[in-house]
Each structure stands twice: as structure tokens, then as C-alpha cells.
Amino acid sequence: MSRPLPHIPVVDAHAHFFSPGFIGGYAALGKDRFPPGDAIGGLMRLMGWEMNYADPVELGRRWVDEMDTRGIRRMLLITSWLWDEEATAKAVRAFPDRLAGYAMIDPTQPVAETRTRLAVESLGLKGITLFPAMHGYHASEPCVYSVYKAATQTGIPVFVHFGMLKVGIRDRLGLVSKFDLRFSNPLDLFPVAKDFPDTTFILPHFGSGYFQEMLMVAAQCPNVCVDSSSSNSWIKLMPYPLTLRDVFAKTLDVIGPERILFGSDSTAFPKGWRQEIFEAQAEALESLGCSEEDMARIFGGNAMRVFKLATGEV
Numbered sequence: 002m003s004r005p006l007p008h009i010p011v012v013d014a015h016a017h018f019f020s021p022g023f024i025g026g027y028a029a030l031g032k033d034r035f036p037p038g039d040a041i042g043g044l045m046r047l048m049g050w051e052m053n054y055a056d057p058v059e060l061g062r063r064w065v066d067e068m069d070t071r072g073i074r075r076m077l078l079i080t081s082w083l084w085d086e087e088a089t090a091k092a093v094r095a096f097p098d099r100l101a102g103y104a105m106i107d108p109t110q111p112v113a114e115t116r117t118r119l120a121v122e123s124l125g126l127k128g129i130t131l132f133p134a135m136h137g138y139h140a141s142e143p144c145v146y147s148v149y150k151a152a153t154q155t156g157i158p159v160f161v162h163f164g165m166l167k168v169g170i171r172d173r174l175g176l177v178s179k180f181d182l183r184f185s186n187p188l189d190l191f192p193v194a195k196d197f198p199d200t201t202f203i204l205p206h207f208g209s210g211y212f213q214e215m216l217m218v219a220a221q222c223p224n225v226c227v228d229s230s231s232s233n234s235w236i237k238l239m240p241y242p243l244t245l246r247d248v249f250a251k252t253l254d255v256i257g258p259e260r261i262l263f264g265s266d267s268t269a270f271p272k273g274w275r276q277e278i279f280e281a282q283a284e285a286l287e288s289l290g291c292s293e294e295d296m297a298r299i300f301g302g303n304a305m306r307v308f309k310l311a312t313g314e315v
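Written out as C-alpha cells, the structure reads:
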């Protein structure tokens, strides 16, 4: 299936890797909903997903095949189950010229610094993700600083999810999500970004509802980037009219095109890569008169730079 802007090498900086650990973990959490002995099958049927969860390498291959079909150059896979980064690494090692990965880290746990270093130095992952609302901490708390230090010393970017946080599979299973919005304000990152000026921080979904706060932090901290991932449904929560075009226009005005990374927030098959997200964002940028050079930065070049990805042709 062709996509718009076929001449631009696209790097998707935000996709999820639903590994065997992720599927098995949620099947266990929701086992009471399914027939005995068939929790995984029941979960996959409930979600309408393909049964391709059992081998991380085969799931990685499925993504690479999808990328070939859609014309995607590289993809960053987010480990979607805590401490399951080895599964992501297996897929990445199998397809190093196409896939790269993030480890999910919980800084409130004593192993966080060690796991951060291992994710980079032993597993070859390219970044870490933090979810303050999910794990219950402020991004500026002392317990997180050892993780930032490890990220700085290993030279990786840090993705920090602020704002609204929804995990669709939890909702479908009827699981209570005790995500605490008190930990979701991007302003928490301001002192951190100042204390670690050599580390790149990435805020997904344009701040996911904390749009102004994201812009305020990014305006004062040149090491803060944003990603454009998902449908950005948080726009509907704003108390004033706002469109995706408006979001791009203001972000470009405040931080320029060099610190915006495209992401699709793709998750599972058979849906696969969310081309409609790409098309909506490309349309918004084209309507703003965004130059081809800047489009190439946003849709690929910035991610190649931030994650230090090899520049060889695929």
C-alpha cells in the first residue's frame, strides 16, 4: 500500500512491541474472563489480534514485512511490559538495520539504574521510556536521578510520558488503571532537563493534554523534543478550539522542525502500521507550507539523529 511523500525516508519513532511477556502478562491479569487453559487465546480473540505473539523474532519479522509494504525505513519499538526489554532486543538484533528499541524503566525500583545500563550496553537498545503516572513518581524526584545519570553516561535519549495515559487493553479487560495525573505535568521535567543538558528528552503526543506546559519546557530547554504520535485525541479535552494543524503550527513556531519526531503509536496486527496517522500529520504539515526539507526532518531525519541510527540505505 503506497503512502504520501514516498520520496521521504520515514522513521517511526513511536510504535509498541506487544511481546510474549506483554500478551502473557495481560492474559494472566484477565484470566477470569476466559475459558480455563485458554487465557491467551481468549485475550487475542477479545482484542481481535493475530496469534503472532509467541516468538519476538517472528513478531519483529512481521513488523519488518509491514514496513516494507508501507515504505517505512526504520521503526523504534517501545517495550510495553515492564522489565521485558530482552524480548524487544531479540527482535532488534534480528533486524538491526530496520528496528531499534526502548526499554521500559520504573525508577522507583532498586534495579532501575542497573537495568538502564544493561539495556544499552548488553542489549543494544537505543533509549528508555518512563511513565511517571503509571509507576507513581514525579520526574524530578531524587530516585529518578540515577536513571538520568545512567542514560547520560550511555548516551541515550529518555522518553517521558506526561499527560493523559490510557492503555486500551486494560480497558477491554475491565482492569482498573490507577494512573495518577498528579505525576503527569511536563513542568516536572524542567529542572531535570537543566541538570542534564547533554541528554535528549522526548515528550510523546505533544504533551498529551499538557500542550502549553510542554511548549513552556521545550522553549527553555533545547534538549527537549516532542513526538507527534497517535491520533492525539487529547485535543478534544482542550477548553478552546484546537486542531492537529494548530498543534503543529504552534509547536513549529516555538521549537522549530528540528525537535519534532514523527510517531504512529502503532500496536498490533492485523491493523499493523497506522498509515492514517501519517496521512493526517502529512496533510497538516503540507497545509502549513512546511518545506520538503523540514518534512524530511520531522518524518525521519530527527529520529536518525537523536537515536544515532546508522544512515546506510535500507
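If you count the sequence shown from 1, you need to add 1 to reach the numbering used here.
Every residue gets a Cβ at the ideal spot worked out from N, C-alpha and C, and that includes glycine.
Bear in mind the structure is a predicted one, so any value in this text is a computation, not a measurement.
How far does the beta strand (DSSP E) with residue 222 in it reach, from first residue to last?
If you number the sequence shown from 1, residue 222 lands on position 221. Residue 222 -> no beta strand (DSSP E), and no H or E assigned at all.
Taking one C-beta from the stretch 48–57 and one from the stretch 6–23 each time, how about it: are there three or more such pairs within less than 8 angstroms?
They touch, by the three-pair rule.
Mind checking who residue 262 pairs with in its DSSP beta bridge?
In the sequence shown, residue 262 corresponds to position 261, counting from 1. Paired residue(s): 228.
Whole angstroms is fine: what's the gap from residue 131's alpha carbon to residue 159's?
Against the sequence shown, residue 131 aligns to sequence position 130. Against the sequence shown, residue 159 aligns to sequence position 158. Cα-Cα distance, rounded: 7 angstroms.
Determine the closest residue to residue 178 out of 27, 212, 58 and 60, with distance taken between C-alpha atoms.
The residue labelled residue 178 in the question sits at position 177 within the sequence shown. Out of 27, 212, 58 and 60, 27 has the C-alpha closest to the C-alpha of residue 178.
Whole angstroms is fine: what's the gap from residue 201's alpha carbon to residue 306's?
In the sequence shown, counting from the first residue as 1, residue 201 sits at position 200. In the sequence shown, counting from the first residue as 1, residue 306 sits at position 305. One C-alpha to the other measures close to 11 angstroms.
Where do the ends of the beta strand (DSSP E) carrying residue 169 lie?
Working through the sequence shown from its first residue, we reach residue 169 at position 168. Per DSSP, residue 169 belongs to no beta strand (DSSP E); it is in the alpha helix (DSSP H), 169–174.
Should residue 314 be labelled buried (16 or more other beta-carbon atoms within 10 Å of its own) or exposed?
Taking the first residue of the sequence shown as position 1, residue 314 is located at position 313. Caution applies to residue 314, whose pLDDT of 44 falls short of 50 and renders its modelled position unreliable; the value that the coordinates give is listed next. With fewer than 16 other Cβ atoms within 10 Å, it is exposed.
Pick out the complete beta strand (DSSP E) segments inside the stretch 157–212, 3 residues or longer, and give them in chain order.
Runs of the beta strand (DSSP E) inside the stretch 157–212: 159–161 and 202–204.
Does DSSP put residue 45 in a helix, a strand or coil?
Reading the sequence shown from its first residue, position 44 is the one you call residue 45. Helix.
So, is residue 211 buried or exposed, given that buried needs 16 or more other C-beta atoms within 10 angstroms?
As a working note, residue 211 is residue 210 in the sequence shown. Label assigned to residue 211: buried.
Helix, strand or coil for residue 27 per DSSP?
By one-based count along the sequence shown, residue 27 stands at place 26. Three-state DSSP puts residue 27 in a helix.
What do you reckon, are the CB atoms on residue 209 and residue 262 nearer than 8 angstroms?
Counting from one through the sequence shown, the residue named residue 209 turns up at place 208. Counting from one through the sequence shown, the residue named residue 262 turns up at place 261. Cβ atoms of residue 209 and residue 262: not closer than 8 angstroms.
Residue 140 and residue 77 - do their beta-carbons sit closer together than 8 angstroms?
Residue mapping note: residue 77 aligns to position 76 of the sequence shown, counting from 1. Residue mapping note: residue 140 aligns to position 139 of the sequence shown, counting from 1. Contact flag unset, no.
Buried or exposed for residue 127, going by 16 or more other Cβ atoms inside 10 Å?
Counting from 1 along the sequence shown, the entry for residue 127 is found at position 126. When all chains shown are included, residue 127 counts as buried.
Less than 8 angstroms between the CB atoms is what I'm expecting for residue 135 and residue 176, so what's the real figure, rounded?
As a working mapping, residue 135 is identified with position 134 in the sequence shown. As a working mapping, residue 176 is identified with position 175 in the sequence shown. Going by Cβ atoms, the distance from residue 135 to residue 176 rounds to 13 angstroms, so no, they are not a contact pair.
To the nearest angstrom, report how far apart residue 219 and residue 252 are at their CA atoms.
By one-based count along the sequence shown, residue 219 stands at place 218. By one-based count along the sequence shown, residue 252 stands at place 251. Using only the alpha carbons, I get a separation of about 9 angstroms.
Do residue 72 and residue 145 come within 8 angstroms of each other at the CB atom, strictly closer than that value?
Along the sequence shown, read from residue 1 onward, the residue named residue 145 stands at position 144. Along the sequence shown, read from residue 1 onward, the residue named residue 72 stands at position 71. Taking 8 angstroms as the Cβ cut-off, residue 145 and residue 72 do not qualify as a contacting pair.
Going by DSSP, what residue range makes up the beta strand (DSSP E) through residue 61?
Locating residue 61 in the sequence shown gives position 60, where the first residue counts as 1. Careful: residue 61 lies outside any beta strand (DSSP E), inside the alpha helix (DSSP H) at 57–71.
Measure the CB-CB distance between residue 101 and residue 63 and report whether it falls below 8 angstroms.
Position 100 of the sequence shown, counted from the first residue, corresponds to residue 101. Position 62 of the sequence shown, counted from the first residue, corresponds to residue 63. Not a contact, by the Cβ cut-off of 8 angstroms.
Would you check if the distance between the CB atom of residue 299 and the CB atom of residue 286 is smaller than 8 angstroms?
Here residue 299 corresponds to residue number 298 of the sequence shown, with the count starting at 1. Here residue 286 corresponds to residue number 285 of the sequence shown, with the count starting at 1. Yes; because the gap between Cβ atoms is below 8 angstroms, this pair is in contact.
Which term fits residue 331, buried or exposed, when burial requires 16 or more other beta carbons within 10 angstroms of its beta carbon?
Outside the shown range of the chain, which is 2 to 315, sits residue 331, and nothing can be said about it.
With the cut-off set at 8 angstroms, would you say residue 301 and residue 79 are in Cβ contact?
For this step, residue 301 is matched to residue 300 along the sequence shown. For this step, residue 79 is matched to residue 78 along the sequence shown. Going by C-beta atoms, residue 301 is not nearer than 8 angstroms to residue 79.
Going by CA-CA distance only, name the one from 207, 119 and 90 that's closest to residue 152.
For the purposes of this step, residue 152 is taken as the residue at position 151 of the sequence shown. Taking only the C-alpha atoms, the option nearest residue 152 is 119.
Could you tell me whether the Cβ atoms of residue 99 and residue 276 are closer together than 8 angstroms?
Position 98 of the sequence shown, counted from the start, is the residue given in the question as residue 99. Position 275 of the sequence shown, counted from the start, is the residue given in the question as residue 276. No, they are not a contact pair.
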